[in-house]
Amino acid sequence: MAQPTFKIDFMRYAPVMLALSGMLVLISVIALATRGLNFGVDFTGGTLVEVQYPAPVELDQVQAALAGRGLDKAIVQYFGTRSEVLVRIPAGAAGSTGELSTRVLEALDAGHQGQVALKRVEFVGPQVGDELVTNASLALLYAILAIGAYVAFRFEYRFAFGAIVSLAHDAIITVGFCALLGIEFDLTVVAAVLTVIGYSINDTVVIYDRIRENFPRMRKATTREVINRSVNETMTRTIATTATVVLALLPLVLFGGDAIHGFSLAMLIGVLAGVYSTIYVASWSLLPTGLSSRDMIPPPKENAQTP
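Using the working numbering, count along the sequence shown one by one with no gaps and you end on 409.
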């Protein structure tokens with residue numbers, strides 16, 4: 103068996119890293135309890151109006167034009183290019199969807215001689231928003247439980263405990279930091295959290311698979327030693343995949359625009375939390391379960407005929 107490139111005693115630092123993990127989860131829970139999520143129109147209800155200018159425009163000018171027509175609570179952001187603007191009008195604004203879209207177009211087209219084009223108008227009712235909150239929460243819960251069942255079936259039931267705790271850890275930190283940073287929480291962020299769960303379990307399964315392979319190879323080693331060696335053997339792959347994903351996400355966070363900023367930032371937070379939790383939550387959690395080589399090596403068959 104080839105020697106691992108890295109030789110780090112990861113489990114030695116587990117108490118400190120788990121304390122850090124607990125602190126991050128606590129901060130996330132406090133942020134969710136005190137600040138709450140900055141729900142987008144997808145969840146709160148309201149009207150979306152997308153317009154296109156003939157040339158790039160500053161958002162401050164758009165906001166000022168809307169405020170002059172009594173739409174000071176509207177939220178504006180770029181949607182693709184700097185000449186495409188998405189206006190979000192929260193529920194409760196006076197007027198029907200058609201009236202609001204007309205007011206928005208009239209306010210933004212003033213001085214442009216009809217060159218501002220109305221691209222899209224959508225309305226999301228508050229009841230639909232409440233259903234989306236419930237469905238999004240259930241989607242996260244079902245995804246975590248289904249993945250836990252898969253891990254228990256593929257490996258051993260004690261592996262499922264670590265996988266579920268690790269995925270819950272990643273989801274709580276990702277959603278909690280969305281609340282802490284005031285990231286607008288819409289359906290794209292929900293998609294980001296579900297993607298993070300998929301990414302995290304992929305890393306976890308890779309290490310779990312190596313742990314399962316190493317138990318028969320290291321029959322006299324302790325569970326701690328097997329975990330350490332397995333994490334070290336997969337570290338090169340972990341660094342390579344994480345660096346690739348982070349390098350892809352950073353440009354989206356910095357230059358992707360408001361339309362995908364929430365998605366990309368939530369993904370970045372979740373990916374970093376997922377890499378950490380794979381080592382110090384999912385892998386470490388096998389130690390208190392009492393898992394040993396006896397559980398991973400099938401017993402010899404009785405009545406086996408010897409040649």
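Cβ atoms here follow ideal geometry from the backbone N, Cα and C, with glycine treated the same way.
In this text, all values refer to a predicted model and were calculated from it rather than measured experimentally.
Does the pairing of the segment 288-296 with the segment 251-266 give three or more beta-carbon distances under 8 angstroms? no
Can you tell me the Cβ-Cβ gap for G364 and T290, rounded? I've got them flagged as a contact below 8 angstroms. As a first step, residue 364 is located in the sequence shown; it is residue number 262 there, counting from the start. As a first step, residue 290 is located in the sequence shown; it is residue number 188 there, counting from the start. Sure, about 6 angstroms apart at Cβ, within 8 angstroms.
Cβ pair count under 8 angstroms reaching 3, the segment 122-131 against the segment 324-339: no
Label H214 either buried or exposed according to how many other C-beta atoms from any shown protein chain fall within 10 Å of its C-beta, with 16 as the threshold for buried. Position 112 of the sequence shown, counting from 1, holds the residue named residue 214. Its Cβ having fewer than 16 others within 10 Å, H214 is exposed.
How far does the alpha helix (DSSP H) with S268 in it reach, from first residue to last? On the sequence shown, position 166 is the one that residue 268 refers to. S268 -> alpha helix (DSSP H) spans 259-283.
I believe T340 touches D305 by the beta-carbon criterion, under 8 angstroms. Please report the beta-carbon distance rounded to the nearest angstrom. Mapped onto the sequence shown, residue 340 falls at position 238. Mapped onto the sequence shown, residue 305 falls at position 203. Yes, T340 and D305 are in contact; Cβ-Cβ is about 6 angstroms, under 8 angstroms.
Below 8 angstroms, can you find three or more Cβ-Cβ pairs linking the segment 168-187 to the segment 108-120? no
I need the straight-line Cα distance from M369 to G284, nearest angstrom please. The residue labelled residue 369 in the question sits at position 267 within the sequence shown. The residue labelled residue 284 in the question sits at position 182 within the sequence shown. Looking at the two C-alpha atoms, the distance is approximately 15 angstroms.
Please work out which residues of its chain come closer than 6 angstroms, Cβ to Cβ, to I275, disregarding the five sequence neighbours upstream and downstream, and give them in chain order. The count along the sequence shown starts at 1 and reaches residue 275 at position 173. Cβ within range, chain order: L126, S130, A375.
Applying the 10 Å Cβ sphere with the 16-neighbour rule, what's the burial state of E335? Here residue 335 is taken as the residue at index 233 of the sequence shown, counted from 1. Label assigned to E335: buried.
Proximity of A238 and A384 at Cβ, strictly below 9 angstroms: Mapped onto the sequence shown, residue 238 falls at position 136. Mapped onto the sequence shown, residue 384 falls at position 282. No, they are not a contact pair.
C-alpha gap between R114 and I381, whole angstroms: Within the sequence shown, numbered from 1, the residue matching residue 114 stands at position 12. Within the sequence shown, numbered from 1, the residue matching residue 381 stands at position 279. Between R114 and I381, the C-alpha separation is close to 12 angstroms.
According to DSSP, residues forming a beta bridge with N421: This structure cannot settle anything about residue 421, because the visible part of the chain is limited to 103 through 409.
What is the DSSP secondary structure of Y155, counted as helix, strand or coil? As a working note, residue 155 is residue 53 in the sequence shown. Reduced to three states, the DSSP call for Y155 is coil.
Excluding five sequence neighbours on each side, which residues of the same chain lie with their C-beta closer than 7 angstroms to the C-beta of V267? Here residue 267 is taken as the residue at index 165 of the sequence shown, counted from 1. The answer, listed in chain order, is V383, S387.
Using the rule of at least 16 other Cβ atoms within 10 Å of the residue's Cβ for burial, across every protein chain shown, is T146 buried or exposed? Walking along the sequence shown from the start, residue 146 turns up at place 44. Buried, since its Cβ has 16 or more Cβ neighbours within 10 Å.
Could you tell me the alpha carbon to alpha carbon distance between L367 and K322, rounded to whole angstroms? Position 265 of the sequence shown, counted from the start, is the residue given in the question as residue 367. Position 220 of the sequence shown, counted from the start, is the residue given in the question as residue 322. Rounded to the nearest angstrom, the two C-alpha atoms are 44 angstroms apart.
Where do the N-terminal and C-terminal ends of the beta strand (DSSP E) with R114 fall, by residue? Looking up residue 114 in the sequence shown gives position 12. That residue, R114, is in no beta strand (DSSP E); it is neither H nor E in DSSP.
Less than 6 angstroms between C-beta atoms, sequence neighbours within five positions excluded: which residues of the same chain meet that for A224? Position 122 of the sequence shown, counted from the start, is the residue given in the question as residue 224. Note that residue 224 is Glu in the sequence shown, not Ala. Answer for E224: L150, listed in chain order.
Spatial distance of I362 from P353 (CA atoms): What you label residue 362 is simply residue 260 of the sequence shown in a count that begins at 1. What you label residue 353 is simply residue 251 of the sequence shown in a count that begins at 1. Those two C-alpha atoms are separated by around 11 angstroms.
Of all the options T338, A342, G170, Q163, which has the alpha carbon lying nearest to the alpha carbon of Y180? On the sequence shown, position 78 is the one that residue 180 refers to. Y180 has its Cα closest to that of Q163, out of T338, A342, G170, Q163.
Along the chain, which unbroken stretches of the alpha helix (DSSP H) at least 4 residues long are found entirely within the segment 159-209? 161-169
Please report how far the alpha carbon of L63 lies from the alpha carbon of L269, in whole angstroms. Because the chain in this structure spans residues 103 to 409, residue 63 falls outside the shown range and cannot be described.
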